[in-house]
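2 protein chains.
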Amino acid sequence: MMISTRGRYALRVMIDLAEQSTDSYIPLKEIAARQEISEKYLESILKLLVKGKILTGLRGKGGGYRLNRAPQEYTVTSILELTEETLAPVACLEKDAEPCTRASACKTLNMWKGLDRLIRDYFDHITLADLTDQVSEAHIFPPPSTSS
Amino acid sequence: MMISTRGRYALRVMIDLAEQSTDSYIPLKEIAARQEISEKYLESILKLLVKGKILTGLRGKGGGYRLNRAPQEYTVTSILELTEETLAPVACLEKDAEPCTRASACKTLNMWKGLDRLIRDYFDHITLADLTDQVSEAHIFPPPSTSS
DNA sequence: ATAAAACCTATTAAAATAGTAGGAATATAA
DNA sequence: TTATATTCCTACTATTTTAATAGGTTTTAT
Numbered sequence: 116m117m118i119s120t121r122g123r124y125a126l127r128v129m130i131d132l133a134e135q136s137t138d139s140y141i142p143l144k145e146i147a148a149r150q151e152i153s154e155k156y157l158e159s160i161l162k163l164l165v166k167g168k169i170l171t172g173l174r175g176k177g178g179g180y181r182l183n184r185a186p187q188e189y190t191v192t193s194i195l196e197l198t199e200e201t202l203a204p205v206a207c208l209e210k211d212a213e214p215c216t217r218a219s220a221c222k223t224l225n226m227w228k229g230l231d232r233l234i235r236d237y238f239d240h241i242t243l244a245d246l247t248d249q250v251s252e253a254h255i256f257p258p259p260s261t262s263s
Numbered sequence: 116m117m118i119s120t121r122g123r124y125a126l127r128v129m130i131d132l133a134e135q136s137t138d139s140y141i142p143l144k145e146i147a148a149r150q151e152i153s154e155k156y157l158e159s160i161l162k163l164l165v166k167g168k169i170l171t172g173l174r175g176k177g178g179g180y181r182l183n184r185a186p187q188e189y190t191v192t193s194i195l196e197l198t199e200e201t202l203a204p205v206a207c208l209e210k211d212a213e214p215c216t217r218a219s220a221c222k223t224l225n226m227w228k229g230l231d232r233l234i235r236d237y238f239d240h241i242t243l244a245d246l247t248d249q250v251s252e253a254h255i256f257p258p259p260s261t262s263s
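As they're listed, the protein sequences go chains A and B.
Positions 116 to 263 (this note's numbering) are the ones given, in order, by the first sequence.
Positions 116 to 263 (this note's numbering) are the ones given, in order, by the second sequence.
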């Protein structure tokens, strides 16, 4: 499987925060309760998101987390890339993959590259705002293809 | 990462066999040597492909493996689904996933479904023949998108 | 001071993936 | 009919990745 719980949880947290539509900080405890995710595990995920500068944590009483930008400013890619290590569909397309000696003769490389592009394009064009208010879904989440 | 070595090796073997363009059986030993894959590991992969009826094994001296059909009759999906366990991008879309109690409220479900469809469509429309003779690649492996 | 919160480091548990070992059954050909 | 080359079968082991837990430290508001 491709997207780990880390990435899926990260998305859920971001959506959760986007939906609170408040400027104040929301404590992890609340988010974890609402999303039914272990506090400790969630903590380790939020750390990644803070480190990646897509949200801010404030310590101490009254502290918590909040988004740094408006929901439409976050692409799904920008969230997943912080938690997923890689979004590449195969090892040879990962960032610091050791160069493949078979690359020149490889009959599958183009296919993997095409897929990689497809997936990135898909995630690049969905924002947090698209996820919170799924009104005009159709153009974003296309219906099943009817071609042969 | 999404596609395991099992699946990638399976594809390479199928391509290898397609390129031999002979009706006789090719021993695993030869394939493994040509593809530089451990014989024993390859064996476990070929077992899956035989079981899945996409190729036939013949025992004994002079034996080996051969394709059951013409290369253009194999979609990439038909090969990967035998080795990959699942091609679903997330757990909740796997075949016998336990029903998710959050499904009705889930803001990400449509996105995952859309991605699943995208990937399946992609693999469904590439055949072994497309991989062996990559002439008119362009319409199969689209170039980078130029949209914003 | 106290309490509530994020932050930090380390460890453990579970699952999936990758790979290995050894022999049994089968078919061909000398 | 015997030797040989092959697939087939069962089991095991190792490695890596993912998921989760534990316990303490620092910061901030009241």
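C-beta: ideal position from N, C-alpha, C; glycine also.
Residues that residue i bridges to, as DSSP identifies them
i	result
A:G179	A:L173
A:T190	A:T242
A:I141	A:Y180
Alpha-carbon to alpha-carbon, residue j and residue i
i	j	result
B:S263	B:W227	Here the model assigns B:S263 a pLDDT of 46, short of 50, so the residue's position is not dependable, and the following value carries that caveat. One C-alpha to the other measures close to 22 Å.
A:E134	A:E188	14 Å
A:E182	A:F256	Here residue 182 of chain A is Leu; the residue named in the question, Glu, does not match the sequence. About 25 Å.
A:Y140	A:K162	15 Å
B:E209	A:M117	11 Å
A:K144	B:L126	47 Å
A:E213	A:A206	9 Å
B:D245	A:K222	9 Å
B:R235	A:R121	24 Å
B:A148	B:E154	8 Å
B:G167	A:Y156	39 Å
A:F238	A:A203	12 Å
A:Q150	B:E200	29 Å
B:V128	A:L233	25 Å
B:A242	B:L170	Residue identity differs from the one stated: residue 242 of chain B is Thr in this sequence, not Ala. Computed Cα separation, rounded: 15 Å.
B:A218	A:L195	20 Å
A:G179	B:D131	56 Å
B:P142	B:H240	30 Å
A:I152	A:Q249	23 Å
A:Y124	A:P186	17 Å
A:L230	A:G175	45 Å
A:E158	A:L173	13 Å
A:T216	B:S119	19 Å
Residue i at chain B interface by Cβ criterion, 9 Å
i	result
A:E154	no
A:L132	no
A:I169	no
A:I255	yes
A:L163	no
A:Y237	yes
A:Q187	no
A:L197	no
A:V128	no
A:L246	yes
A:Q249	yes
A:R174	no
A:R123	yes
A:I160	no
A:K151	The residue asked about is misnamed: residue 151 of chain A is Glu in this sequence, not Lys. Cβ-Cβ to chain B under 9 Å: yes for A:E151.
A:L157	no
A:I146	no
Test: residue i CB closer than 9 Å to a CB of chain A
i	result
B:V205	yes
B:K228	yes
B:K222	yes
B:L182	no
B:I118	yes
B:L143	no
Helix, strand or coil at residue i according to DSSP, with G and I counted as helix
i	result
B:G167	coil
B:S159	helix
B:S263	Caution is warranted here: a pLDDT of 46 is assigned to B:S263, below 50, making its placement in the model unreliable, and no coordinate value can be reported.
B:R232	helix
B:E134	helix
A:I255	coil
B:S219	helix
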